[in-house]
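Using mature numbering (1 follows the signal peptide of the UniProt record, and there is no 0), the letters of the sequence shown correspond one by one to residues -22 to -1, 1 to 105.
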Amino acid sequence: MMRNAVIGAAIFLSIVPATTWAAPGDGEIEYNRDIRPILTENCFACHGPDSASRKAELRLDQRDAAVKAGALTPGDLNGSELIQRILSDDRDEVMPPPATKKTLTAEQKQKLKRWVESARSISPTGP
């Protein structure tokens, strides 16, 4: 009986694709699925399309504007102000600012880092 269970488990594990066992967050980052919701909830109120509420004249909803401002440097975490700000421990530098009462989770920060690292996934139509 035990032998049949072991053989059954071995067959099952050989059939199930390896991607099924991938750790969360190991898949390719997609802007609309993974990044846009983070930016919409935490960033666009101050750095989005509404010029009346925009801070620091920074638009994160437009790729070219974000790159020109230095907020995004595709493929370069150290050169991307967005990444430096979300990882900062300085209350005067960290984004989102404490006054907004919004905080990014470790998973959200990791997604943003992976997005910037994989330069190809910074969509020309999105940020």
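In this text, a Cβ means the ideal position worked out from N, Cα and C, and glycines have one as well. None of the values given here were measured: they were computed from a predicted structure.
Inset, instruction - Label K89 either buried or exposed according to how many other C-beta atoms from any shown protein chain fall within 10 Å of its C-beta, with 16 as the threshold for buried. - result: buried
Inset, instruction - Look at P27 and R41 and say whether their C-beta atoms are less than 9 angstroms apart. - result: no
Inset, instruction - Spatial neighbours of G57 within its chain, please: CB distance less than 6 angstroms, with the 5 preceding and 5 following residues excluded, ordered by chain position. - result: T51
Inset, instruction - Starting from D88, trace the alpha helix (DSSP H) both ways and give me its first and last residue. - result: It should be pointed out that residue 88 corresponds to Gln in this sequence rather than to Asp. Looking at the DSSP string, the run of the alpha helix (DSSP H) that includes Q88 is A84 to E95.
Legend entry - Supposed contact pair A49 and E59 - C-beta distance, whole angstroms, cut 8 angstroms: 5 angstroms
Inset, instruction - Consider the C-beta atom of V72 and the heavy atoms of the ligand FMN; say whether any pair is separated by less than 8 angstroms. - result: No copy of the ligand FMN appears in this structure; indeed no ligand is present at all.
Inset, instruction - Grab me the residues of N20's own chain with a C-beta within less than 7 angstroms of its C-beta, minus the 5 sequence neighbours each way, in chain order. - result: P74, K80 and L82
Legend entry - For T18 and D68, the rounded distance between their alpha carbons: 23 angstroms
Legend entry - Proximity of E95 and L55 at Cβ, strictly below 9 angstroms: yes
Inset, instruction - Closer than 6 angstroms by C-beta to I13: which residues in its own chain qualify, once you throw out the five before and the five after it? Chain order, please. - result: W93
Inset, instruction - Have a look at K91 and I61 and give me their C-alpha separation to the nearest angstrom. - result: 7 angstroms
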